[in-house]
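Peer 1: Residue numbering for the sequence shown follows the numbering used here, starting at 14 and increasing by one per position. Note that CB positions come from ideal geometry on N, CA and C, so glycine has one too. Computed from a prediction, not measured in an experiment: that's the story for all the values here. Can you keep this structure in mind? I'll have questions shortly.
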Amino acid sequence: MMKSILIKDLYGETERLKAEVYVARDKVGVYIPKERYMQEENERKVMANQIEQMGITLENHQKVSFLNK
């Protein structure tokens with residue numbers, strides 16, 4: 014690897030650690046790594062879509078049951 018890439022990676026890591034230290038010192042909120050936050054947001058969206066689809070399926074089954082009576 015080139016030195017410039019390593020330096021850039023180290024700089025990014027340093028900035029991330031500074032942000033963690035700032036949050037820990039000032040107790041401003043809760044620090045969640047961006048990757049973990051994005052993963053949890055994606056999981057939340059998937060679950061919301063599943064709930065919506067289940068609601069639609071339930072409505073359809075109820076309509077069919079009502080019409081078959």
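Could you give the C-beta distance for Y50 and E33, rounded to a whole number, given that I count them as a contact under 8 angstroms?
Peer 2: The residue given as residue 50 occupies position 37 in the sequence shown. The residue given as residue 33 occupies position 20 in the sequence shown. Not quite, the Cβ-Cβ distance comes to about 14 angstroms (not below 8 angstroms), so this is no contact.
Peer 1: To the nearest angstrom, how far is the alpha carbon of K82 from that of K58?
Peer 2: In the sequence shown, counting from the first residue as 1, residue 82 sits at position 69. In the sequence shown, counting from the first residue as 1, residue 58 sits at position 45. So the two alpha carbons sit approximately 37 angstroms from each other.
Peer 1: Note the first and the last residue of the continuous alpha helix (DSSP H) segment covering K31.
Peer 2: The count along the sequence shown starts at 1 and reaches residue 31 at position 18. Per DSSP, K31 belongs to the alpha helix (DSSP H) from 16 to 39.
Peer 1: Relative to the ligand HEM, is the shortest distance from any of its heavy atoms to the C-beta of K76 smaller than 7 angstroms?
Peer 2: What this structure holds is no ligand at all, so the ligand HEM is not there to describe.
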